[in-house]
Structures are given as structure tokens and as C-alpha cells.
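If you read the sequence shown in the numbering used here, its first letter stands for residue 4, the second for the next number, and so on.
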Amino acid sequence: MSDSDRTEQRRDPAAPATDGPGATDRAPEVRDELERLRASIDNIDAAVVYMLAERFKCTQRVGRLKAEHQLPPADPAREGRQIARLRELATEARLDPAFAEKLLNFVIAEVIRHHETIARES
Ligand SMILES: O=C(O)C(=O)C[C@]1(C(=O)O)C=C[C@@H](O)C=C1
């Protein structure tokens, strides 16, 4: 790939186009479409944050319950079932199941860290 190809690929598609015939007609449509898509992405990101906050509220309660009853922070059997279920859901939703698994593992690792803190402090 030449340097000029790379420069062309890096250019912000929302920036006004200055090159080629018809470029100035096309640019506002590209900008509008990009803006619409980014507005949806922002809404989805907000929903993800709120849903994660709700999930963490539940897991904090689980952490306190586990600490009160001397239960271990992690439950690998439960995690195995969650991963299998989420991988199936991801496949149905046409989301990469490996990505879904990584995301769940990332969230659960943070939950276990919280559980350990609760257990240590109680
Ligand atoms: O279900 C539990 O026992 C939890 O502590 C919650 C949770 C989760 O975040 O889903 C976290 C840690 C466990 O290893 C399994 C699941």
C-alpha cells in the first residue's frame, strides 16, 4: 500500500470532501449518516453503562451474602453455565461468541475482585 493510499484511508469520512468529481455533493450525506449512526452508538453505550450499573448493584448484594455465609467469592461451575448460555445467545444474535465470552469473563473478574474486598472488610 502506498503512502497516499494510507493517507486516504485515514481521512475522517465526516470531514468535507475536497477531492474528485461530485465529492462536495456526497460529503453532507456522509456527514449526516455518520452523525445519525454516532447518535445511536451514544445511546447504546449509555444503555450498556446503565445495565452494567444494575448488574453491579446485584453482584454487590451477592458479595455481601457470600461474605456473611463464608461462601467463596468465585463459583466456577456457575461461570461455566453463564459462558455456555452467553455464547449461545451471542451466536443467535450474530455476535462473535468468543468476544461475548471475553466480555463476560472481564466483568466477572471485576465482580470477584469486589467480592474479595467485601469478604476482607467484613
Ligand atoms: O453468581 C455468583 O455466585 C456471583 O458471585 C456472580 C458472578 C457474576 O458476576 O455473574 C460472579 C462470580 C462468580 O464466579 C459467578 C458469577
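We put the CB at the ideal spot given by N, CA and C, even for glycine.
- Placement of the Cβ of VAL65 at a distance of less than 7 angstroms from at least one heavy atom of ligand 1 is found.
- Here the C-alpha atom of PRO79 lies approximately 11 angstroms from the C-alpha atom of ILE115.
- At a cut-off of 7 angstroms, the beta-carbon of THR120 does not count as near ligand 1: no heavy atom of the ligand is closer than that.
- Take the alpha-carbon of ASP45 and the one of LYS69: they are about 36 angstroms apart.
- According to the DSSP assignment, ARG84 belongs to the alpha helix (DSSP H) that extends over 79 to 95.
- Approximately 6 angstroms separates the beta-carbon atoms of ILE111 and GLU82; this is inside 8 angstroms, confirming the contact.
- Sequence-distant Cβ neighbours of PRO75 in its own chain, meaning closer than 8 angstroms and more than five residues away, are LYS69.
- When rounded, the separation of the alpha-carbon atoms in LEU106 and ALA30 is 36 angstroms.
- The residues ARG67, ALA70, GLU71, in chain order, have a CB closer than 8 angstroms to that of SER125 in the same chain once the five nearest residues on each side in sequence are set aside.
- Counting along the chain, PRO100 sits inside the alpha helix (DSSP H) bounded by residues 100 to 124.
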